[in-house]
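Chemist: Here it is, the structure in full.
2 protein chains.
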Amino acid sequence: MKKNRYNTPVQQKKRAIAFGALLLCVFLGNAQTQPISIHEQGSFAVGGKVKTSPGSFDPIAHGAFNPADQSTEGQTLHGDHATVLYQIPVNANELPMVFWHGYGQSMRTWQTTPDGREGFQSIFLRRGFPVYLLDQPRRGLSGRSTEPTTINASTDDQLWFGIFRLGMGTEFYPDVQFSKDPEALNQYFRQITPDTGPLDINVNIDAVSALFDKIGEGILVTHSHSGGQGWMTAIKTPNIKAIVSYEPGSNFVFPEGEVPETIPYMGGALSARGVPLRDFKKLTEIPIVIYYGDNIPNEPVENPAQEQWRAAVTMAKLWRDTVNKHGGDVTLVQLPDVGLKGNTHFPMSDLNNQEVAELLSGWLKEKGLDKH
Amino acid sequence: MKKNRYNTPVQQKKRAIAFGALLLCVFLGNAQTQPISIHEQGSFAVGGKVKTSPGSFDPIAHGAFNPADQSTEGQTLHGDHATVLYQIPVNANELPMVFWHGYGQSMRTWQTTPDGREGFQSIFLRRGFPVYLLDQPRRGLSGRSTEPTTINASTDDQLWFGIFRLGMGTEFYPDVQFSKDPEALNQYFRQITPDTGPLDINVNIDAVSALFDKIGEGILVTHSHSGGQGWMTAIKTPNIKAIVSYEPGSNFVFPEGEVPETIPYMGGALSARGVPLRDFKKLTEIPIVIYYGDNIPNEPVENPAQEQWRAAVTMAKLWRDTVNKHGGDVTLVQLPDVGLKGNTHFPMSDLNNQEVAELLSGWLKEKGLDKH
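Chains as they are written, first to last, in the numbering used here: chain F, 85 to 456; chain S, 85 to 456.
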């Protein structure tokens, strides 16, 4: 055997130590305690508009910060963009995952869970995916809006406790996958963040579409209110190669002429939207998976917070059948049907979110979306 | 020599390839292209208040999302917290760095620069520091406020272009450390994000103080409007072991009886605050460094956007002298005096931000704050 520079006794000892350390890591470690090796990370704004006031700006007359000086002459405002936080792991998979939050939420949906464990951001980084988290226009870090708004600061935590299916009133559902440590609920409520401009789904779709124009092909992961917007974004950009939709609630799109009737429920009604068949067909060209959690009734109940999800699941099944009838590949999974019980409206941060992630990984693998 | 599992021809070839790859990295690589190894990362809310409406919540009557239903009976709102994004590198230094943005800004101040390079978040991670980025209450990801507000969406980019000393009107200063690629200015303007509640420095100080209660001892890095709030936070919590202040603009605190006169300038006037001597003395117990950039005049000029920084530097020098007279350790550096020319109000993201970071690293080392 050729003697080489790696075979000195010191090198042998170093290797033995390194190998021992490796074994120790394998035996003591678990996924969450291993380091994450980041090739590149950062943030940027994407999309958006520029609003311009007529006239010309006079820096001498109006260049001091003075709230009483309302002059906007010749000034601009850059707003309506999305803000994106990204991390690319070393040795990354080909397709990135782009995570889009729901109503009243931000990129924090995908970060640390309310009870302090890793969310989908770190979980899927560890699984090799470049991860992009976005704040849609007029939300969170994308605060600048070209249109004004008023934020009421109305108390509404218990409304969301119900709609997000943690429980009813202030009582948790018995089987809920949410920590009973009061700090978890405190963190959960503090993830809520208001709109800083009028909510406009076309503004959102434009910005997320611009994101895919910038980064190229990827997998879009939506939650709740971004679900319907996700279908419309995939119609707009060819770079969305798959959609994972957690608990889509509204804005289901059907071919014109095939739009189902409005679904009434206790507390409201859920309508679908019609789009040209040519646009709809784009949704038949990519694999799509939809997940819903637990405590969604099959029959009408008196609790409106559960009712809206009964309507959503009903609509989602009609939608799945319609896309698939046109040649699509939509899978709809109700988590209790595959043995995952007690999930809320936020499966990605529930107590069993590692199992929820494992389920998604299986689907991504099956569809060839986790290639290296 | 003992034959071992590492000495197969395949292993030898692998080692040769690995060694070649390593050499390639050493020769081609620079700090920014090496992976960052993250021991732990995540996000959380800290501090804040809970607002409660009287009465009891009826989930059947008010549990549907219905903007027309304004009932808040028995509901809560969790608001006024800070939101924190953190990363702890493998083999970290003892003291973390906590980064607090300025007026109209968010944690994005410390992330990717407007021209797409690494900001202080990644730069100081690479230098071994646990890094905590915060959005103060009622800003960015900390959007929930216990008090209402209106966001005007007024055009004001050019006001900030001046105050942030990129230039005057729409013209860059000739030597400015800011990319002339229009996309850089586009990104820069989109970092601005509005208050989502009334700006209240006591609310901010409470939340940042709660952060240090949670994480323990650390180094506070402030920018602009957080500068003065930083002094007050260090009076409130003993866990702030050093302060780095980029371009503090207001809220300088002096001992009662030693408060200097208001400094008038073109477009405004800068006043200081008095605090009990016992509180002030706490600022003499930690090392503090203050940095200001370029294009700050020594004598009055007609441009109010420069004038306010002339006043700020004047006040900061009085403050330095007063803290040091009481036994403190304040260093004030005007970057042009140490050879760094053209810096704006954002030295941490200017074109020469690696040099700005290097300067800070030197100070941290000198004060023993980068211990392992």
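For glycine and all other residues, C-beta sits at the position ideal for the given N, C-alpha and C.
(1) When DSSP builds the beta bridges, which residues end up paired with S/PRO322?
(2) Suppose the cutoff is 6 Å on Cβ atoms and the five residues either side in sequence are ignored; what does the same chain contact list for F/LEU448 look like?
(3) For a quick check, are the C-beta atoms of F/HIS165 and F/SER238 less than 8 Å apart?
(4) Would the beta-carbon of S/LYS365 be found less than 7 Å away from any heavy atom of the ligand ATP?
(5) Which chain S residues sit within Cβ distance under 8 Å of F/ASP240?
(6) Answer yes or no: do F/GLU486 and F/VAL397 have a C-beta to C-beta separation smaller than 8 Å?
(7) From S/ASN437 to S/THR197, what distance separates their C-alpha atoms?
(8) Can you have a look at F/PRO339 and say buried or exposed, based on whether 16 or more other CB atoms are within 10 angstroms of its CB?
(9) State the DSSP-derived secondary structure class of F/GLN195, mapped to helix, strand or coil.
(10) Against chain F, does S/VAL94 count as a neighbour if the rule is that its beta carbon must be under 8 Å from one of theirs?
(11) Would you please verify whether the beta carbon of F/PHE273 is less than 8 Å from any beta carbon of chain S?
(12) Could you work out which residue in F/PRO214, F/ALA400, F/PRO119, F/ILE303 is closest to F/TYR376 when comparing CA atoms only?
(13) Okay, do the region 212 to 229 of chain S and the region 170 to 187 of chain S touch, 3+ Cβ pairs below 8 Å being the bar?
(14) Between the region 142 to 157 of chain F and the region 238 to 254 of chain S, do at least 3 Cβ pairs fall closer than 8 Å?
(15) How about S/HIS309 and S/LYS365: do their beta carbons lie closer than 8 Å?
(16) Ends of the beta strand (DSSP E) at F/PHE364?
(17) Which whole-angstrom value describes the C-beta separation of F/THR306 and F/ILE327, a residue pair presumed to lie in contact below a C-beta threshold of 8 Å?
(18) Got a sec, what are the start and stop residues for the beta strand (DSSP E) F/LYS135 sits in?
(19) Tell me whether the beta-carbon of F/PRO148 lies closer than 8 Å to the beta-carbon of S/GLY186.
(20) Could you spell out where the beta strand (DSSP E) holding F/TYR272 opens and where it closes?
(21) With S/LEU283 as the anchor, note down where its beta strand (DSSP E) starts and where it stops.
(22) Taking the alpha carbon of S/ASP363 as the reference point, which residue from S/MET316, S/THR406, S/ASP421, S/ALA356 has its own alpha carbon closest?
(23) Of all the CB atoms in chain F, is at least one closer than 8 Å to the CB of S/GLU231?
(24) Can you grab the Cα-Cα spacing for the pair F/ARG192 / F/GLY312, in whole Å?
(25) Using a Cβ cut-off of 8 Å (strictly closer), state whether S/ILE285 contacts chain F.
(26) Taking F/ILE285 and F/ASN323 to be in contact with their CB atoms under 8 Å, please state how far apart those CB atoms are, rounded to whole angstroms.
(27) Measure from the C-beta of S/LEU448 to each C-beta in chain F and report whether the shortest distance is under 8 Å.
(28) Could you give the C-beta distance for S/PRO420 and S/ASP378, rounded to a whole number, given that I count them as a contact under 8 Å?
(29) Quick check: what's the CA-CA separation for F/ARG274 versus S/ARG222?
(30) Apart from the five residues on each side of it in sequence, which residues of its chain come closer than 8 Å, Cβ to Cβ, to F/SER190?
(31) Only counting the same chain, and skipping five residues up and downstream in sequence, which positions put a Cβ closer than 8 Å to that of F/TRP184?
(32) Using a Cβ-Cβ cut-off of less than 8 Å, give me the residues of the region 419 to 437 of chain F that come near chain S, in sequence order.
(33) Run through chain S and tell me which residues come within less than 8 Å of F/GLY452, C-beta to C-beta.
(34) In the DSSP output, what is S/ARG357 paired with across the bridge?
(35) Let me make sure I understand the geometry here. Which of F/TRP244, F/LEU295, F/ALA152, F/PRO119 has the alpha-carbon closest to that of F/THR167?
Modeler: In short, the structure shows the following:
(1) Your numbering for residue 322 of chain S matches position 238 in the second sequence. Paired residues: none, contrary to the question.
(2) Here the question's residue 448 of chain F lines up with position 364 in the first sequence. Excluding residues within five positions, the ones whose Cβ falls inside 6 Å are ASP454.
(3) Counting from 1 along the first sequence, the entry for residue 165 of chain F is found at position 81. Counting from 1 along the first sequence, the entry for residue 238 of chain F is found at position 154. No. Outside cutoff.
(4) The ligand ATP is absent from the structure shown, which contains no ligand whatsoever.
(5) Here residue 240 of chain F refers to the residue found at position 156 of the first sequence. The answer, in chain order, is THR156, GLN159, LEU161.
(6) Past the boundaries of the shown model lies residue 486 of chain F; chain F is included only from 85 to 456, so the question cannot be answered.
(7) The residue you call residue 437 of chain S lines up with position 353 of the second sequence. The residue you call residue 197 of chain S lines up with position 113 of the second sequence. Taking the straight line joining both Cα atoms gives about 9 Å.
(8) Counting from one through the first sequence, the residue named residue 339 of chain F turns up at place 255. Buried, since its Cβ has 16 or more Cβ neighbours within 10 Å.
(9) Looking up residue 195 of chain F in the first sequence gives position 111. If DSSP states are grouped into helix, strand and coil, F/GLN195 belongs with coil.
(10) Counted from its first residue, the second sequence places residue 94 of chain S at position 10. Summary for S/VAL94: the model assigns pLDDT 46, below 50, so the residue's position carries little reliability; its value from the coordinates is reported in the next sentence. With 8 Å as the cut-off, S/VAL94 does not count as an interface residue toward chain F.
(11) Here residue 273 of chain F refers to the residue found at position 189 of the first sequence. Yes, contact with chain S.
(12) As a working mapping, residue 376 of chain F is identified with position 292 in the first sequence. For the residues F/PRO214, F/ALA400, F/PRO119, F/ILE303, the minimum Cα distance to F/TYR376 belongs to F/ALA400.
(13) yes
(14) yes
(15) Walking along the second sequence from the start, residue 309 of chain S turns up at place 225. Walking along the second sequence from the start, residue 365 of chain S turns up at place 281. Result no, Cβ atoms of S/HIS309 and S/LYS365 do not sit closer than 8 Å.
(16) Residue numbering aside, residue 364 of chain F sits at position 280 when the first sequence is read from its first letter. Segment 361 to 365 is the alpha helix (DSSP H) holding F/PHE364; no beta strand (DSSP E) there.
(17) For the purposes of this step, residue 306 of chain F is taken as the residue at position 222 of the first sequence. For the purposes of this step, residue 327 of chain F is taken as the residue at position 243 of the first sequence. Sure, about 7 Å apart at Cβ, within 8 Å.
(18) Residue numbering aside, residue 135 of chain F sits at position 51 when the first sequence is read from its first letter. Residues 133 to 136.
(19) Taking the first residue of the first sequence as position 1, residue 148 of chain F is located at position 64. Taking the first residue of the second sequence as position 1, residue 186 of chain S is located at position 102. It is Ala, not Pro, that sits at residue 148 of chain F in the sequence shown. Their beta carbons are not under 8 Å apart, which means F/ALA148 does not touch S/GLY186 by this criterion.
(20) By 1-based counting over the first sequence, the position of residue 272 of chain F is 188. Looking at the DSSP string, F/TYR272 is not in any beta strand (DSSP E); the run it does join, the alpha helix (DSSP H), is 266 to 274.
(21) Within the second sequence, residue 283 of chain S is the residue found at index 199, counting from 1. S/LEU283: not part of any beta strand (DSSP E); DSSP gives it neither H nor E.
(22) To locate residue 363 of chain S, count along the second sequence from 1; it is residue 279. Of the listed residues, the one whose Cα sits closest to S/ASP363 is S/MET316.
(23) Against the second sequence, residue 231 of chain S aligns to sequence position 147. So, interface residue.
(24) Numbered from its first residue, the first sequence carries residue 192 of chain F at position 108. Numbered from its first residue, the first sequence carries residue 312 of chain F at position 228. Cα-Cα distance, rounded: 20 Å.
(25) For this step, residue 285 of chain S is matched to residue 201 along the second sequence. No, no contact with chain F.
(26) For the purposes of this step, residue 285 of chain F is taken as residue 201 along the first sequence, with counting starting at 1. For the purposes of this step, residue 323 of chain F is taken as residue 239 along the first sequence, with counting starting at 1. Contact flag wrong, Cβ pair sits at about 19 Å.
(27) As a working note, residue 448 of chain S is residue 364 in the second sequence. It does not: the Cβ of S/LEU448 has no partner Cβ on chain F nearer than 8 Å.
(28) The residue given as residue 420 of chain S occupies position 336 in the second sequence. The residue given as residue 378 of chain S occupies position 294 in the second sequence. About 5 Å; that satisfies the 8 Å criterion.
(29) One-based indexing of the first sequence puts residue 274 of chain F at position 190. One-based indexing of the second sequence puts residue 222 of chain S at position 138. Approximately 11 Å, taken between the alpha carbons.
(30) Position 106 of the first sequence, counting from 1, holds the residue named residue 190 of chain F. Hits under 8 Å: ASP219, ARG223, GLY224, LEU225, GLN275, THR277.
(31) Taking the first sequence and counting its residues from 1, the one referred to as residue 184 of chain F is at position 100. Same-chain partners within the cutoff: LEU218, GLN220, VAL292, LEU304, VAL305, THR306, HIS307, SER310, GLN313, GLY314.
(32) none
(33) Against the first sequence, residue 452 of chain F aligns to sequence position 368. Within chain S, no residue comes near F/GLY452; the closest Cβ sits about 27 Å away, beyond 8 Å.
(34) Taking the first residue of the second sequence as position 1, residue 357 of chain S is located at position 273. Beta-bridge pairing links S/ARG357 to S/VAL337.
(35) In the first sequence, counting from the first residue as 1, residue 167 of chain F sits at position 83. The shortest C-alpha separation from F/THR167 is found at F/LEU295.
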